[in-house]
Amino acid sequence: MRPGGQPNLQQMMKQAQKMQQQMVAAQAELAEAELTGTAGGGLVTAVVRGSGEVVSIKIDPKAVDPEDVETLEDLVVAALHNAAKAAKDLTEEKMGPLTAGLGGLGGGLGLPGF
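Count along the sequence shown from 1, then add 2; that gives the number in my numbering.
And the structure:
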């Protein structure tokens, strides 16, 4: 703060720039991160990127029962949900400290992702 209670605008802009750079770096890291979700005790494994893109699905042959396709479908959905939760948790871990410092400013800074 400057004398008279005025905030130092130049200092605030430097902080905003630094936060924006950190945000861009965190977003890039998240986009490349691969997270794994499993279901059925490992019978179905899904791999997703932090961006939400599905990379792969692996199904153990033991999970394939032509008489019970519905269970396999449920396991695939559960594995995808598990992987998506891992991606969400990683996003909160990486972005939380950056967004927490904004307080009530939020979108007013024009930072990507807000």
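Every residue gets a Cβ at the ideal spot worked out from N, C-alpha and C, and that includes glycine.
{"Asked": "Cross-strand partners of residue 58 (DSSP beta bridge)", "Found": "49"}
{"Asked": "Contacts around residue 85, its chain only, beta-carbon distance under 7 Å, and the 5 residues preceding and following it disregarded", "Found": "37, 38, 39, 48, 49, 50"}
{"Asked": "DSSP state of residue 41 mapped onto helix, strand, coil", "Found": "strand"}
{"Asked": "Reference residue 43, options 28, 95, 62, closest by Cα", "Found": "62"}
{"Asked": "Where residue 25 falls, given that 16 or more other Cβ within 10 Å makes a residue buried", "Found": "buried"}
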